[in-house]
Structures are given as structure tokens and as C-alpha cells.
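**Q** Under our numbering, the first residue of the sequence shown is numbered 8, with each subsequent residue one higher. Yeah, the Cβ is synthetic: ideal placement off N, Cα and C, and Gly gets one too. The model shown is predicted, which means the values in this text are computed figures rather than measured ones. Below is one structure. I have some questions about it.
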Amino acid sequence: MAETAINKGGFIVNKSELVTSIAEKSNLTKKDAEMALNAFLESVQEALTDGEKVQLVGFGTFEVRERKAREGRNPRNPEEVIKIPKSNAPVFRSGKALKEAVNKSK
Numbered sequence: 008m009a010e011t012a013i014n015k016g017g018f019i020v021n022k023s024e025l026v027t028s029i030a031e032k033s034n035l036t037k038k039d040a041e042m043a044l045n046a047f048l049e050s051v052q053e054a055l056t057d058g059e060k061v062q063l064v065g066f067g068t069f070e071v072r073e074r075k076a077r078e079g080r081n082p083r084n085p086e087e088v089i090k091i092p093k094s095n096a097p098v099f100r101s102g103k104a105l106k107e108a109v110n111k112s113k
């Protein structure tokens with residue numbers, strides 16, 4: 008799989024590279040792999056929008072967490088107080104097997 012350099016020496020995999028990897032590992036065409044990936048992403052988004060968790064045992068859990076309203080400061084004018092409204096944020100918590108796999112690769 009091709010790697011694309013980003014700052015601080017890290018690497019990212021973009022969607023087309025992920026589709027290529029899925030196609031190669033599952034003997035699907037790239038078109039079918041892209042359809043499968045899109046279906047997965049849409050399903051996760053719909054579940055989160057409906058307030059549900061998506062748990063993939065061993066991989067991790069996608070869920071929505073509420074961020075409370077708070078006060079912040081304008082970085083350009085630290086004396087100015089800004090009211091930041093409450094919001095919902097999607098989060099991912101990695102599962103045990105994924106954590107172990109990542110730590111073994113180092």
C-alpha cells in the first residue's frame with residue numbers, strides 16, 4: 008500500500024489507497040470494494056446520527072459524546088470571553104486486539 012508523507016514524519020492512508028487494499032485482500036474489484044467501504048461508512052454515520060453505538064469486537068467502538076457548553080478565550084484578544092455552545096462529537100475507542108496489534112508493530 009502506498010504511503011503519503013505528512014508532517015512530523017507520520018503517514019496517512021487515503022480513501023483510494025484503503026479501497027485498493029480492501030480489493031486486494033478480499034478479491035473484490037476496486038468498484039465493489041469502494042461500494043462496500045461507502046456502505047460501511049454510511050451505516051456507521053446513520054447509527055451515530057440515531058444515537059446508537061457501533062461496536063466492532065476487538066477493533067473498537069464508535070459513539071457520540073456530548074461536549075458541554077463552556078467559555079473560551081479569543082487567542083487574538085485573550086480578554087475577550089467567548090461562549091462555546093454544547094455540541095455532540097463522534098469518538099472512536101480502540102478495542103483490546105487493535106491496541107495490542109498496534110503496540111506489537113513497534
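Residues in the same chain with beta-carbon distance under 8 angstroms from Glu-78, minus the five sequence neighbours each way, listed in chain order, please.
**A** The residue given as residue 78 occupies position 71 in the sequence shown. Hits under 8 angstroms: Val-88, Ile-89, Lys-90 and Ile-91.
**Q** Identify, in the order they occur along the chain, each residue of the same chain with its Cβ nearer than 6 angstroms to the Cβ of Phe-99, setting aside the five sequence neighbours on each side.
**A** Residue mapping note: residue 99 aligns to position 92 of the sequence shown, counting from 1. Cβ-Cβ distances below 6 angstroms link Phe-99 to Gly-67 and Phe-69 in the same chain, with the five nearest sequence neighbours on each side left out; the list follows chain order.
**Q** So, for Thr-11: in the same chain, excluding its five sequence neighbours on each side, which residues have a beta-carbon less than 6 angstroms away from its beta-carbon?
**A** Here residue 11 refers to the residue found at position 4 when the sequence shown is read from its first residue. Because Thr-11 sits at a pLDDT of 44, beneath the cut-off of 50, its placement in the model cannot be relied upon, and the following sentence gives the value as read from the coordinates. Answer for Thr-11: Ile-19, listed in chain order.
**Q** Starting from Phe-47, trace the alpha helix (DSSP H) in both directions and tell me its first and last residue.
**A** The sequence position of residue 47 within the sequence shown is 40, counting from 1. Looking at the DSSP string, the run of the alpha helix (DSSP H) that includes Phe-47 is 37–56.
**Q** For a quick check, are the C-beta atoms of Ala-30 and Ala-40 less than 7 angstroms apart?
**A** Numbered from its first residue, the sequence shown carries residue 30 at position 23. Numbered from its first residue, the sequence shown carries residue 40 at position 33. Ala-30 is a Cβ neighbour of Ala-40, given a cutoff of 7 angstroms.
**Q** Assign Ala-96 to one of three DSSP states: helix, strand, or coil.
**A** Working through the sequence shown from its first residue, we reach residue 96 at position 89. Ala-96 falls in the strand class under three-state DSSP.
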